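This report concerns only the one structure given below.
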Amino acid sequence: MSDEATVKEIEELENQRYAAMQAGDLESLKRLFSERLTYTHSNGARDTKASMLEKVGSGHFDYGPINHPNRSVTVAGDAVIVSGDMQADVKVQGEPRTLNNSALAVWVREGDEWKLLAYQPTPYPAG
1 MSDEATVKEI EELENQRYAA MQAGDLESLK RLFSERLTYT HSNGARDTKA SMLEKVGSGH
61 FDYGPINHPN RSVTVAGDAV IVSGDMQADV KVQGEPRTLN NSALAVWVRE GDEWKLLAYQ
121 PTPYPAG
């Protein structure tokens, strides 16, 4: 597969991931997440695949609109790095929050599929 085709595939997977997070679609998230997932949140807390799925499924995280402009996708063999902005409205344990982050996602090829291995947001300074 060409780098251009890989970029398009990863962009589609990123769109699927954000849509699944908004919908609380655990089956899609299970398919997209690597078993080795490290999902870091903007407050520094980390989740595994199992704990992230539990939190989305239980309503601990309730995602509203998610915007991810200014995305850059870099193919590096069997890994792909996605960087850019991420703005979202989310309720964390019922408390509304607005996120405005720079974000980095790492996708890796596992067998014939791309899986999200790591996610790391960094909040932009307020103001």
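Numbered per full-length UniProt numbering, the sequence shown spans residues 1 to 127.
Glycine residues also receive a C-beta, built at the ideal position from the N, C-alpha and C atoms.
All values derive from a computational prediction rather than experimental measurement.
Could you tell me how far apart the beta carbons of residue i and residue j are, in whole angstroms, since I believe they sit closer than 8 Å?
i: Met52; j: His68; result: Met52 to His68, Cβ: 18 Å. No contact.
i: Val7; j: Val75; result: 6 Å
i: Asn101; j: Pro123; result: 5 Å
Which residue's Cα is closest to the Cα of residue i: the options?
i: Tyr63; options: Tyr124, Ala5, Thr98, Ser83; result: Thr98
i: Leu37; options: Tyr124, Pro125, Gln120, Ala126; result: Gln120
i: Glu113; options: Val90, Ser42, Ala103, Lys30; result: Lys30
i: Asp78; options: Pro125, Gly111, His41; result: Gly111
Taking DSSP's pairing of strands, which residues face residue i in a bridge?
i: Ala105; result: Val82, Tyr119
i: Lys91; result: Asp62, Pro96
i: Glu113; result: Glu110
Tell me whether the beta-carbon of residue i lies closer than 8 Å to the beta-carbon of residue j.
i: His60; j: Gln93; result: yes
i: Val108; j: Glu14; result: no
i: Leu117; j: Ser28; result: no
i: Gly57; j: Ser72; result: no
i: Leu26; j: Lys115; result: no
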